[in-house]
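>
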Amino acid sequence: MLGALARKFFGSANDRRIKGYQARVDAINKLEPEIAALSDEALKARTEEFRKQIAEGKSLDDLLVPAFATVREAAKRTLGQRHFDVQLIGGMVLHEGDIAEMKTGEGKTLVATLPVYLNALAGKGVHVVTVNDYLAKRDAGWMGQIYTFLGMSTGVIVHGLDDAERQAAYACDITYGTNNEYGFDYLRDNMKYRLEDMVQRGHFFAIVDEVDSILIDEARTPLIISGPLDDRSEFYNTIDTYIPKLEKVADFEVDEKQRTVTLTEAGMEKIENLLQEAGQLKGDSLYDVENVSVVHHINQALRAHSLFQRDKDYIVRDGEVVIIDEFTGRMMPGRRYSEGLHQALEAKEHQPVQPENQTLASITFQNYFRMYEKLAGMTGTAATEADELFDIYKLEVIEVPTNVPIARLDEDDEVYRTADEKHRAILDEIERANKRMQPVLVGTASIEKSEVLGEYLRKNGYKQIDFGNPKALEKLYAAARAGKPAKLFAVLNARFHEQEAYIVAEAGVPGAITIATNMAGRGTDIKLGGSLEMRSQIETEGVTDEAEKQRIIDGIKVDIEKFKEIVLKAEETVDLNPDKPGTKTIQKPGGLYIIGSERHESRRIDNQLRGRAGRQGDPGRTKFYLSLEDDLMRIFGSDRLDTMLQRLGLKEGEAIIHPWINKALEKAQQKVEARNFDIRKNLLKFDDVQNDQRKAIFDQRIDLMRDQNVAETVSDMRHALVDDLVAKHIPEHAYAEQWDVAGLKEELKRVLDLDLPVDEWAKEEGIADEEMLARIEKRVDEVMAAKSAQFGPDVMRYVEKSILLQTLDHLWREHLVMLDHLRQVIGLRGYGQRDPLQEYKSEAFNLFESLIAHLREAVTAQLVRVEIVPPDEQPELPQMEAHKLNPNTGEDEMAFAQASLAPVSPADRDPQNPATWGKVGRNEDCPCGSGKKFKHCHGKFA
């Protein structure tokens, strides 16, 4: 109460922050006449002038007012759009590295041009992050007109570009792209072997569009680059055949809240018997150590069958199981569930099972975006997640006022007992709205539910629009011109992903009915009356005559004006006393009518749907219809509510409507959000441990690539390894009788391939451990010096660098797998009253130390053994491009250096001479004739 009183007198912190920008807004407005008088050339010349001022020591903040004024004028001349004052404020919020919460339709895309231009003056590259390729291309082309006019270059990063195209795009002043592409480019860069091949040039400033979607919703799933493991597709299919034989409750229990499924004792016994009969078990018990993999695959198959629903969590398309983003309803091609879950889904759906993958590199969005020196974001709905955004990213959420006050009516929810009653009520509401020509957008939580609603409409005489037909909307336009409902509807879900922008753009036509799965981040505004841009693009396609094209566009403009008038007048008069019609009525506004078919776990997703109506001061209306069978109500305790409603005598088809219901639902959603935040925060704490190690490894790789000569590094590693070997077998200050000389001799032979007379040296009177160490180091250094003299310094430098980088990558990949396995089991330490996070940190540090020790050993062992076969002793090799690794090395030397990496026919290999083996596959039998696989024999350190 006191807080509310203080806000009334002093304003909120947000109000005070907004007020603080007003002086600079006034300064920009004051400059407008002066800048408007400049010629195009003079306006463009300001960019170089600003860059010169930065070089002379001025800060970007010093240039904010003139730079923003310049961009505003350039936008007027190129796009015919002038930034509103509130958009200038939004630009300042972004420049300061915070989140601008701006309602739908307030022009966030245009707002971003202000801080993007200003920060691009620094010459370090600005990244604008969008949620899909369509928006990246659209925004780069659309806003790029402003940047090009002002003499700046714009690039775009989308799926399918090669490295040269990516380098060119990142070299631009401003780069548009998707969050996935930026993250994957960073990971790929850290798998390159030359600095010149890396595509990104640093992480200076990024603006993230739909920041809540990218930094919160998608942050739960790490980006992973992986490589295939052995094919076990038959095993997945075999396991899948047993799952339908298990019964829910009796054989396994499902917890939908926690998204877990566990076998009961009876279920374990049943599956164990089934697997034994089929010969799939090793030993007698399912839980013998040899069957760990089998148990894992059974659990994943159970999850696939009981927790993942087709057309909600994934769809099957062209023989592939494609994940659906639960927050945006979009398909995520190329993304796969890890740890065998995706393979279990493929087996469940009887689709080709793809091989499992091993992680080669991974990073979470949280850790990728925290690398930027300055990060900012914009969205229509971030206030509900403000705590998380500040806690993890140190980003404050600033609510920017709308240009025109909001005129939308948000009605109380209607709650029904069953889903069928709810669907009938939604259908009745659509019918009433359709009769008065009010466009309706119905939001659903999954593909399945959007199609259920579509089926209800079909049964009641509505026809679905076929967007494969370019003239699909002609009937809707014709009916709107005649002032009659067309009884047509469109469905927007992952199945119709390609037509997304077209469907959304025309959702504001009179009488339009659009059913859409989660509307987050669609990037296309719904304008009342329809979209001039979209219709012009469709209807003028193929028209070459400019006069004809203009005639068509003029006709569309007339249409849209007429349609907008119809939509604005589509108001509803409601009798508050139905027994005496007309005695007391209220007027509900026209405009776009948003109907929510259920509440989402996150209030933010509901707010995103609501925000589609009432853009730029347009009238609009929103209402949610719920049932006790909805996921949120069902999972979070609707049993007592159902019993209470029956006792109160709620009849079929009747609904409860009360503000208290809304408040109760909001509290339930807040609890779910808080729980999800805790989960994400906990996951991030674990990932931070891996991230610290990732940064250390990636920084080390870049240093190694930058060094022309790594001989000193390799020498240090060699000496450290010898030091460790000697210290292990000859403890400091120990008597000679206590030395493990035989063990040392054996280790030197195994690791360094050196047969040194350490046993003879140990017999010398008065010899100390330091003398032994010095003699061994000297002998190893002599071997390496001889190799260097034999191969030539250029070739040796190339070999050292290649082996060092390749070994580091190989051991890092193995380390990632170890960390994944550790993370899966570390929670059990909690039963011993130990903090799993602290235990994970400690164990991960030990593993990292072990990685460094293995790196020293593996690199030294390989360099000691490396043999290079002269070109004249080699079979003819296919043309190789590896000489690009070092343009300063002669081609003869390079071919010489590659000889040991070239494939050789098994018949040409001499078992006694490893130099003749060439490249041997890791899973091949070792050419030495030992009978072991190469990776367990001579290839142990490869």
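So for the sequence shown, this note's numbering puts the first residue at 137; every next one is plus one. Each residue gets a CB set at the ideal place from its N, CA and C atoms; glycine is no exception. Predicted, not measured: the structure shown is a model, and the values here were computed from it.
Would you grab the beta carbon distance between L612 and Y592 for me? Rounded to a whole angstrom, and I think it's under 8 Å.
Here residue 612 refers to the residue found at position 476 when the sequence shown is read from its first residue. Here residue 592 refers to the residue found at position 456 when the sequence shown is read from its first residue. Not a contact, Cβ separation roughly 20 Å.
> Taking only three categories from DSSP, how would you classify I352?
Working through the sequence shown from its first residue, we reach residue 352 at position 216. Looking at I352 - three-state DSSP - the assignment turns out to be helix.
> Per DSSP, L728 is paired with what?
On the sequence shown, residue 728 is found 592 positions in, with the first residue counted as 1. Answer is G756, bridged to L728.
> How big is the Cα-Cα spacing for V953 and I225?
Counting from 1 along the sequence shown, the entry for residue 953 is found at position 817. Counting from 1 along the sequence shown, the entry for residue 225 is found at position 89. Taken atom to atom, the span from the alpha-carbon of V953 to that of I225 is near 47 Å.
> Which residue or residues does DSSP assign as beta-bridge partners of V292?
Start at 1 with the first residue of the sequence shown, and residue 292 comes out as number 156. DSSP output for V292 lists Y312 as bridge partner(s).
> Let me check one thing: in DSSP terms, what residues is S763 bridge-paired to?
As a working mapping, residue 763 is identified with position 627 in the sequence shown. Answer is Y552, bridged to S763.
> In whole angstroms, what is the alpha-carbon distance linking I499 and K705?
Taking the sequence shown and counting its residues from 1, the one referred to as residue 499 is at position 363. Taking the sequence shown and counting its residues from 1, the one referred to as residue 705 is at position 569. Looking at the two C-alpha atoms, the distance is approximately 52 Å.
> Under a three-way DSSP split, which group does L1021 fall into?
Looking up residue 1021 in the sequence shown gives position 885. Caution is warranted here: a pLDDT of 31 is assigned to L1021, below 50, making its placement in the model unreliable, and no coordinate value can be reported.
> Let me check understanding here. Comparing Cα to Cα, which of G259, V207, M288 lies closest to A248?
Along the sequence shown, one-based indexing puts residue 248 at 112. The candidate whose alpha carbon is nearest that of A248 is V207.
> Taking the beta strand (DSSP E) that E521 falls in, what are its first and last residues?
In the sequence shown, residue 521 corresponds to position 385, counting from 1. That residue, E521, is in no beta strand (DSSP E); it is neither H nor E in DSSP.
> Expressed to the nearest angstrom, what Euclidean distance is found between the alpha-carbon atoms of S148 and A522?
Position 12 of the sequence shown, counted from the start, is the residue given in the question as residue 148. Position 386 of the sequence shown, counted from the start, is the residue given in the question as residue 522. One alpha carbon belongs to S148, the other to A522, and they sit about 15 Å apart.
> Per the contact definition of three or more C-beta pairs closer than 8 Å, is the segment 734-743 in contact with the segment 751-769?
yes
> Return yes when the Cβ of I583 is within less than 8 Å of the Cβ of T653, no when it is not.
Along the sequence shown, one-based indexing puts residue 653 at 517. Along the sequence shown, one-based indexing puts residue 583 at 447. The answer is yes: Cβ separation under 8 Å.
> For A258 and F340, which I take to be in contact (beta-carbon distance under 8 Å), what is that distance rounded to the nearest angstrom?
By one-based count along the sequence shown, residue 258 stands at place 122. By one-based count along the sequence shown, residue 340 stands at place 204. Right, their Cβ atoms sit about 7 Å apart.
> For E413, which three-state DSSP category applies?
Working through the sequence shown from its first residue, we reach residue 413 at position 277. Reduced to three states, the DSSP call for E413 is helix.
> Work out the CA separation of L254 and A204 for me, nearest whole Å.
Your numbering for residue 204 matches position 68 in the sequence shown. Your numbering for residue 254 matches position 118 in the sequence shown. Residue identity differs from the one stated: residue 204 is Phe in this sequence, not Ala. Cα-Cα distance, rounded: 7 Å.
> Taking three-plus beta-carbon pairs below 8 Å as touching, is the segment 827-846 in contact with the segment 926-944?
Three or more beta-carbon pairs separated by less than 8 Å link the segment 827-846 to the segment 926-944, which places the two stretches in contact.
> Starting from E684, follow the beta strand (DSSP E) in both directions and report where the run begins and ends.
Translated into positions along the sequence shown, residue 684 becomes position 548. It is not in any beta strand (DSSP E) - E684 instead sits in the alpha helix (DSSP H) that spans 682-704.
> Span of the alpha helix (DSSP H) holding D956?
Translated into the one-based positions of the sequence shown, residue 956 becomes position 820. Taken as a continuous stretch (DSSP letters only), the alpha helix (DSSP H) holding D956 covers 929-961.
> Check this for me: beta carbons of G750 and G727, under 8 Å apart or not?
Here residue 750 corresponds to residue number 614 of the sequence shown, with the count starting at 1. Here residue 727 corresponds to residue number 591 of the sequence shown, with the count starting at 1. In this structure, G727 lies closer than 8 Å to G750 by Cβ.
> Answer with buried or exposed for L712, where buried requires no fewer than 16 other C-beta atoms within 10 angstroms of its C-beta.
Stepping through the sequence shown from its first residue, residue 712 is reached at position 576. With fewer than 16 Cβ atoms within 10 Å of its Cβ, L712 is classed as exposed.
> Might you give, ordered along the chain, the residues of its own chain that have their beta carbon closer than 6 Å to the beta carbon of D859, omitting 5 neighbours on each side?
Your numbering for residue 859 matches position 723 in the sequence shown. By the criterion of a C-beta distance shorter than 6 Å, D859 is surrounded by no residue of its chain, once the five residues flanking it on both sides are discounted.
> So for D711, helix, strand or coil by DSSP?
Start at 1 with the first residue of the sequence shown, and residue 711 comes out as number 575. Strand, per DSSP.
> Within 10 Å of its beta-carbon, does K558 have 16 or more other beta-carbons around it, so buried, or fewer, so exposed?
Residue mapping note: residue 558 aligns to position 422 of the sequence shown, counting from 1. It counts as buried.
> What did DSSP end up calling L215 once you bin it into helix, strand or coil?
Numbered from its first residue, the sequence shown carries residue 215 at position 79. Looking at L215 - three-state DSSP - the assignment turns out to be coil, as it is neither helix nor strand.
> Closest to L382 by C-alpha separation, out of S442, V576, P972, H855, would be which residue?
As a first step, residue 382 is located in the sequence shown; it is residue number 246 there, counting from the start. Of S442, V576, P972, H855, the residue nearest in Cα terms is S442.
> Assign A210 to buried or exposed, taking buried as 16 or more other Cβ atoms, counted over all protein chains shown, within 10 Å of its Cβ.
Reading the sequence shown from its first residue, position 74 is the one you call residue 210. Under this definition A210 is a buried residue.
> On the DSSP bridge list, what partners appear for L624?
Along the sequence shown, read from residue 1 onward, the residue named residue 624 stands at position 488. Partner(s): K599.
> How about I293 and A307: do their beta carbons lie closer than 8 Å?
Taking the sequence shown and counting its residues from 1, one reaches residue 293 at position 157. Taking the sequence shown and counting its residues from 1, one reaches residue 307 at position 171. No, the pair does not count as a contact, with Cβ atoms beyond the cut-off.
> Rounded to a whole number of angstroms, what is the C-alpha to C-alpha distance between R748 and I534?
Residue numbering aside, residue 748 sits at position 612 when the sequence shown is read from its first letter. Residue numbering aside, residue 534 sits at position 398 when the sequence shown is read from its first letter. Cα to Cα, the separation comes out at about 20 Å.
> Looking at D321 and K484, is the spacing between their C-beta atoms short of 8 Å?
The residue labelled residue 484 in the question sits at position 348 within the sequence shown. The residue labelled residue 321 in the question sits at position 185 within the sequence shown. Cβ distance not < 8 Å, so K484 and D321 don't count as in contact.
> How long is the line joining the alpha carbons of R274 and I310, rounded to whole angstroms?
For the purposes of this step, residue 274 is taken as residue 138 along the sequence shown, with counting starting at 1. For the purposes of this step, residue 310 is taken as residue 174 along the sequence shown, with counting starting at 1. The alpha-carbon atoms of R274 and I310 are separated by roughly 14 Å.
> Are the segment 956-970 and the segment 874-881 in contact at 8 Å, needing three or more beta carbon pairs?
Touching, no, given that fewer than three Cβ pairs across the two stretches are closer than 8 Å.
> Look up F388 in the DSSP assignment and say whether it is helix, strand or coil.
Position 252 of the sequence shown, counting from 1, holds the residue named residue 388. Of the three classes helix, strand and coil, the one that applies to F388 here is strand, per DSSP.
> From the DSSP secondary-structure annotation, give me the bridge partner or partners of I528.
Taking the sequence shown and counting its residues from 1, the one referred to as residue 528 is at position 392. BP columns for I528 are empty, so no partner.
> Please confirm whether Y473 and I459 have their CB atoms less than 8 Å apart.
Numbered from 1 along the sequence shown, position 337 holds the residue referred to as residue 473. Numbered from 1 along the sequence shown, position 323 holds the residue referred to as residue 459. Taking 8 Å as the Cβ cut-off, Y473 and I459 qualify as a contacting pair.
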